[in-house]
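Beneath this line is the structure, given in structure tokens, with notes to follow.
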Amino acid sequence: MREYREIELQESQLVKVCCNQCGKELVVQDGILKEGCFSVDYPFDYFSNKDGYIYSFDLCESCFDRWVDGFQNPALITETKEFL
């Protein structure tokens, strides 16, 4: 869950990010998220019971780890060589 504050006309700055699972408030400084966060904005589409709905949420790293650890089939994890 993200909270923004208007800083100028037609512009906003990130002021708060909370984990939707555990409620932990993540570190935000000067509008920049300074902590690992898994952010989702997923639009469900045709052939889904959720067609037309967009799910948006944020998970802290601990909740993300617990979620992924519960997968029946493990997630594929690869290492990146370069950060953009």
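Per this note's numbering, the sequence shown starts with residue 100, numbered consecutively.
Just so you know, even glycine gets a beta-carbon here, dropped at the ideal spot from N, CA and C.
If we count the other Cβ atoms within 10 Å of its Cβ and call it buried at 16 or more, is D150 buried or exposed?
-> It counts as exposed.
Once you ignore the five residues that flank F156 on each side, which residues in its own chain have a CB closer than 6 Å to its CB?
-> These residues qualify, in order along the chain: N119 and V139.
By Cβ distance, which residues of its chain are closer than 6 Å to K133, with the 5 residues on each side in sequence left out?
-> V126
Could you give the C-beta distance for K123 and C159, rounded to a whole number, given that I count them as a contact under 8 Å?
-> 5 Å
Nearest-angstrom Cα separation, counted from Y154 out to D144 | 12 Å
Thinking C117 and M100 are a contact (beta carbons under 8 Å), I'd like their distance in whole angstroms, please.
-> Under the criterion of beta carbons closer than 8 Å, C117 and M100 qualify as touching, at roughly 5 Å.
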